[in-house]
Amino acid sequence: MERTPDVATYREDDERHGPVVAEHTAEHTLEARDVRLGYGEREIVPGLSVAVPPGKITVIVGPNACGKSTLLRAMARLLAPSAGAVLLDGRSIQEMPTKEVASVLGILPQSPTAPEGITVSDLVGRGRYPHQGWFRRWSAEDDEAVARALLSTDVLELADRPVDELSGGQRQRVWIAMALAQRTDILLLDEPTTFLDASHQLDVLDLLTDLNRERGVTMVAVLHDLNLACRYADHMIAMRAGRIVAEGRPVDIVTEELVNEVFGMRCSVIEDPASATPMVVPLGRHHIKDPAA
Amino acid sequence: MSGAPVVAENAAHPDGERLADAVRQISAVRSRGLRRSLLVSTGLLAAVVVVFGVSLSVGDMVMPIGKVVETLFGGGDGGSRFVVLELRLPRALLAILIGTGFGLSGAVFQTVLRNPLASPDLIGISAGASAVAVTAALLFQVSGLALSAGALTGSLVAGTAIYLLAWRQGVAGQRLVLVGIGVGMGLSSVVWYVMARSDVTDAQEAFRWLAGSLNGRSWSQVWPLLIALGLLVPLTVLAAHALRPLQLGDDAAAGLGAKVERGRLALLLCATALAGVATAAAGPVGFVAFVAAPIARRLVPGRGAALPQAALTGALLVLVADFAAQHALPSVQLPVGVVTSIIGAPYLLLLLARANRVGSGG
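Protein chains in written order, with the working numbering: chain Z, 29 to 321; chain L, 652 to 1013.
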């Protein structure tokens, strides 16, 4: 399998310096340029451009069916745009060799299912697929990548357990470990906290932040919880009906007007006492102290 | 890429020790799995060799194993040469070959489509072979190799039709299984229609083929099957490279850089051809493709598709079933398919019962 020179250089540096390679990862850029996206006749995103800031955590928020997962799928090359292109380092990902894309860009799909009976270490080991050829099957490098992934997601002690016996939180960590074993500089996550309880949601987002800070991995995640999104995002993209309504630092963009425009929901925005990021307090019709507010 | 002594290099890193320990743990888990899978394969292979030996020596005339070996290596008198080399050897070899073909085919279908019901005998591939073979035999008096070729063509055509009918911007396992069961039922009705319109004696002959039988099989069925498997097994091994990511589902597989649709098509083609050539040689021997892979996966849990073990299990299954079919009842030789169905049908019921309880619908 051939590689572009910059990818090969990064790989070797990565092995030498261990996890701290932030200055290299920022070289990879991902952007969507005038993409039109949809399934069959149904168009969901009618033309949109966005650039992912390298080395940052980007969170996409928006109401159901606003096209946020569709956009993420297109950026992960799971969905081909009917017009426009997704560019990885300036090249259209649809035209790049699939394994070359997969060695730079990883994806954690929405609620993935493991094959019956597969063990944790086997599942995580499959993250090494893009680095393996027809004849180079398994190496010390693969073992090391799997070990690092299991360590950083704290699932090493589960290594020979079947995935289908684990709890939801453990299972999600195992899938993240698989994406990590792929050792990509960009990681896209489609609702990585869905079906997790509050404390596991925090665990997963803390873990992603660690990876971002230690390895400089560029992250793009679709999240449902607005307050966690505000807290963990360096860069936020708010979408409605297939269009980007606002993007920027949560502190700069999240206002009562924006939330109302994007979600059609009344709210007040206060400062999160823990993180000093915006905190959205929703206002429904009931249980409001002062209905006039 | 440098795959060299990473562990030693990283020992300088603060968490080097922890990492080195983790690496040791991972490779221990991996080699444990590998050892188990080798052990199971060796055990299955040994069992195949033993049953193979027994099938060659036991029959209307019991021959000591020493004499069997002697005959195999060119010794023995005319009588034992005829019994071993012309009657028993081709039959036992054929049992191994069709078992391998069905076992491998079923394992590939079930893992690619992520559904334990997705086996060629349940989703219409075997029904395609049967429809063409029975039509050719009863309406056009075709027999021998031409009949086998017809059966192979039938399974490939049925496989292609099912794939195309199930295609909707890609092929999902569930939809393909349902379409396959429907197509299979349609093709079965063709079989019964043709049989009902034919002469009773001819229909009885066709019926024996439909049950899946090794009775009266000779070298003329062994050679084509051996050549076909010699081509198809290596192709399947090559295509199975994509099976590791494909097992994780389409999105995860695509994210890992696998060519999902192309990889799946290649695997399904290989598996369809494997089932086709096996059916062509001995008829649709029921349930072998269906049960071989689940048995193999139980023997080597957590090892993914377990293709080699599934192939060996299939071979052992047909070999044992054919031995039982020949000798279970005095003076009657049952079709081997009757015996494999006795093993397979309860498993299907068990699977359906369990799936209902879990609520996964299979």
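Note that beta-carbon positions come from the ideal geometry of N, C-alpha and C, so glycine has one too.
Simplified DSSP assignment, three categories, for residue i
i	result
Z:M264	strand
Z:S195	coil
Z:G153	helix
Z:D318	coil
Z:V308	strand
L:R599	Residue 599 of chain L lies beyond the residue range present for chain L, which begins at 652 and ends at 1013; the question has no answer from this structure.
Z:L58	strand
L:G955	coil
L:G726	coil
Z:V297	strand
L:S678	helix
L:P885	helix
Z:E289	helix
Z:L116	strand
L:G821	coil
L:I878	helix
Z:A274	strand
Z:H52	Here the model assigns Z:H52 a pLDDT of 46, short of 50, so the residue's position is not dependable, and the following value carries that caveat. Three-state DSSP puts Z:H52 in a helix.
Z:T181	coil
Z:R189	coil
Z:A93	coil
L:G831	helix
L:S688	helix
Z:P125	coil
L:S992	helix
Z:V87	strand
Z:L107	coil
Z:L65	strand
Z:E144	coil
Z:A79	strand
Proximity to residue i [Cα-Cα], best of the options
i	options	result
L:L1001	L:P981, L:P945 and L:G955	L:P945
L:S682	Z:S167, Z:M267, Z:A113 and Z:S180	Z:S167
L:R949	L:V674, L:L816 and L:V691	L:V691
L:A961	L:A797, L:L999 and L:L748	L:L748
L:A1004	L:L764, L:V705 and L:L768	L:L768
L:P741	L:R954, L:V989 and L:V873	L:V873
L:L963	L:Q676, L:K910, L:A947 and L:A787	L:A947
L:V830	L:I774, L:R687, L:A909 and L:M714	L:I774
Z:V87	Z:M293, Z:P310, Z:I272 and Z:C295	Z:I272
Z:A304	Z:V290, Z:R313, Z:H314 and Z:C258	Z:C258
Whole-angstrom distance between residue j and residue i, CA atom to CA atom
i	j	result
L:E668	Z:D188	21 Å
L:A979	L:A784	29 Å
Z:P125	Z:A175	27 Å
Z:C81	L:A778	Reading off the sequence, residue 81 of chain Z comes out as Pro, not Cys. If I take the Cα positions, the gap works out to 56 Å.
L:E629	L:L816	Given that chain L is displayed from residue 652 to residue 1013, the structure contains no residue 629 of chain L and the question cannot be resolved.
Z:G118	Z:T57	7 Å
Z:D192	L:L789	50 Å
L:L738	L:L880	22 Å
L:T751	Z:H263	56 Å
Z:T53	Z:Q210	Here Z:T53 scores only 47 on pLDDT, less than 50, and its place in the model is too uncertain to base an answer on.
Z:G68	Z:G95	15 Å
Z:E51	Z:W203	Reliability of the predicted coordinates at Z:E51 is poor, the pLDDT of 43 falling under 50, and no value is obtained from them.
L:A671	Z:R201	21 Å
L:A698	L:A975	15 Å
Z:C295	L:L827	47 Å
Z:P143	Z:K84	33 Å
Z:V297	L:V888	59 Å
Z:V287	Z:S139	27 Å
Z:D318	Z:E284	17 Å
Z:A226	L:P896	31 Å
L:L695	L:R687	12 Å
Z:D234	Z:T181	10 Å
Below-8 Å beta-carbon distance, residue i vs any chain C residue
i	result
Z:K96	Here the protein chains are Z and L, and chain C is not one of them.
message: Restricting to runs no shorter than 3 residues, where is the beta strand (DSSP E) found entirely within the segment 200-250 of chain Z?
response: Counting only runs of 3 or more, we get 214-218 and 246-250.
task: Can you give me, in chain order, the residues of the segment 883-907 of chain L that have a beta carbon less than 7 Å from any beta carbon in chain Z?
output: In summary, the residues of the segment 883-907 of chain L whose CB is separated from some CB of chain Z by less than 7 Å are H892, R895, P896, Q898, L899, G900, D902, A903, A905, G906 and L907, in the order they occur in the chain.
- prompt: Closer than 9 Å, Cβ to any Cβ of chain Z: which residues of the segment 940-967 of chain L, in chain order?
  reply: Taking 9 Å as the cut-off between beta carbons, the residues of the segment 940-967 of chain L near chain Z are R948, R949, P952, G953, R954, G955 and A956, in sequence order.
message: What are the residues in the segment 709-723 of chain L lying within 7 Å of chain Z by C-beta distance?
response: Within the segment 709-723 of chain L, no residue has a Cβ that lies closer than 7 Å to any Cβ of chain Z.
task: Could I get the ranges of all uninterrupted alpha helix (DSSP H) runs contained in the segment 900-950 of chain L, with 4 residues as the minimum, in chain order?
output: With a minimum length of 4 residues, the unbroken runs of alpha helix (DSSP H) contained wholly in the segment 900-950 of chain L fall at 901-906, 911-933 and 939-950.
- prompt: Of all the residues that make up the segment 165-195 of chain Z, which are near chain L by a beta-carbon distance shorter than 7 Å?
  reply: Taking 7 Å as the Cβ-Cβ cut-off against chain L, the residues of the segment 165-195 of chain Z that qualify are S167, A168, E169, D171, E172, V174, A175, R176, L178, L179, L184, A187, D188 and P190.
task: Could you name the residues of the segment 779-793 of chain L whose beta carbon sits closer than 7 Å to any beta carbon of chain Z, in the order they occur along the chain?
output: Answer in chain order: no residues at all.
query: If contact means a Cβ-Cβ distance below 9 Å, which residues of the segment 79-113 of chain Z contact chain L?
result: Here the close residues are R101, A104, R105 and L106.
field: Ranges of the beta strand (DSSP E) found wholly within the segment 784-812 of chain L, counting only runs of at least 3
entry: DSSP runs (the beta strand (DSSP E)) wholly in the segment 784-812 of chain L: none.
message: Counting only Cβ-Cβ distances shorter than 8 Å, please list the residues of the segment 813-843 of chain L near chain Z, keeping chain order.
response: Answer set for the segment 813-843 of chain L: Q820.
query: Which residues, taken in chain order from the segment 861-881 of chain L, show a beta carbon closer than 7 Å to some beta carbon of chain Z?
result: Along the segment 861-881 of chain L, none of the residues has a CB nearer than 7 Å to a CB of chain Z.
task: Taking a Cβ distance cut-off of 9 Å, strictly less, list which residues of the segment 129-142 of chain Z are near chain L, in chain order.
output: Contact residues of the segment 129-142 of chain Z toward chain L are V129, A130, S131, L133, G134, I135, L136, P137, Q138, P140, T141 and A142 (C-beta to C-beta distance below 9 Å).
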